[in-house]
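One structure is given below, encoded as structure tokens.
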Amino acid sequence: IHEWLQDDGKYIFITPRSKLKSVRDYAGFSSVKRIILDTSGHLERKEKSGEHQFVFMYICSKSPKYNIGMSPFRSELTLPAGDDICKKCGMSFNDFLGAESVDGKGKKTWARRWRGHSVHCRGINEEAI
103 IHEWLQDDGK
113 YIFITPRSKL
123 KSVRDYAGFS
133 SVKRIILDTS
143 GHLERKEKSG
153 EHQFVFMYIC
163 SKSPKYNIGM
173 SPFRSELTLP
183 AGDDICKKCG
193 MSFNDFLGAE
203 SVDGKGKKTW
213 ARRWRGHSVH
223 CRGINEEAI
């Protein structure tokens with residue numbers, strides 16, 4: 103299916119799962135956007151007590167650079183240098199780590215967290231407040 107989709111094509115997944123690691127890490131997508139849909143009163147499903155009635159829609163854009171069988175399945179995350187700076191808030195990666203060691207949780211975890219910070223940062227330097 104990936105080969106059939108046009109370069110500007112999109113995949114759409116709707117699921118009750120809030121996180122899909124295989125979608126998040128797939129190198130064949132250039133971007134993945136998650137939208138929370140409130141299904142209260144719209145779907146007939148038996149809910150456990152205290153469970154929210156949400157489903158998640160993932161809109162995934164095809165990466166035209168990805169070659170099936172040639173490119174790795176998972177996106178390769180590289181650990182940033184300690185002096186790498188967030189372009190929005192000016193925080194360095196070392197400040198982001200704080201007193202924690204990279205080896206404690208693992209390089210992939212910290213690379214993913216830094217990428218998440220860089221994407222979702224609102225441009226406010228928490229330390230300056």
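Number 166 in the numbering used here belongs to position 64 of the sequence shown; there are no gaps in the numbering. Note that beta-carbon positions come from the ideal geometry of N, C-alpha and C, so glycine has one too. Computed from a prediction, not measured in an experiment: that's the story for all the values here.
* Who does S194 pair with in a DSSP beta bridge? -> I187
* Contact check, A183 vs F198, beta carbons under 9 Å -> no
* Would you say F156 and T141 are within 9 Å of each other, going by their C-beta atoms? -> yes
* Contact set for I231: own chain, Cβ-Cβ below 7 Å, skip 5 residues either direction -> Bear in mind that a pLDDT of 41 at I231, under 50, signals an unreliable position, so the number given afterwards is only what the model happens to contain. Here the set comprises nothing.
* To do: For R126, I'd like the list of residues in its chain whose CB is within less than 7 Å of its CB, leaving aside the five on either flank, ordered along the chain.
  => V134
* Helix, strand or coil: which one does DSSP assign to K112? -> strand
* To do: Assuming F115 contacts K164 (C-beta within less than 8 Å), just tell me the rounded distance between them.
  => At roughly 14 Å, the Cβ-Cβ gap does not stay under 8 Å, so F115 and K164 are not in contact.
* **Whole-angstrom C-beta distance between C188 and H219, which should lie under 8 Å** => 6 Å
* Asked: Quick one: what's R136 bridged to in DSSP?
  -> Y160
* What's the gap between the Cα of D110 and the Cα of F158? -> 22 Å
* Look at the alpha carbon of G200 and the alpha carbon of W212, and state the distance between them as a whole number of angstroms. => 12 Å
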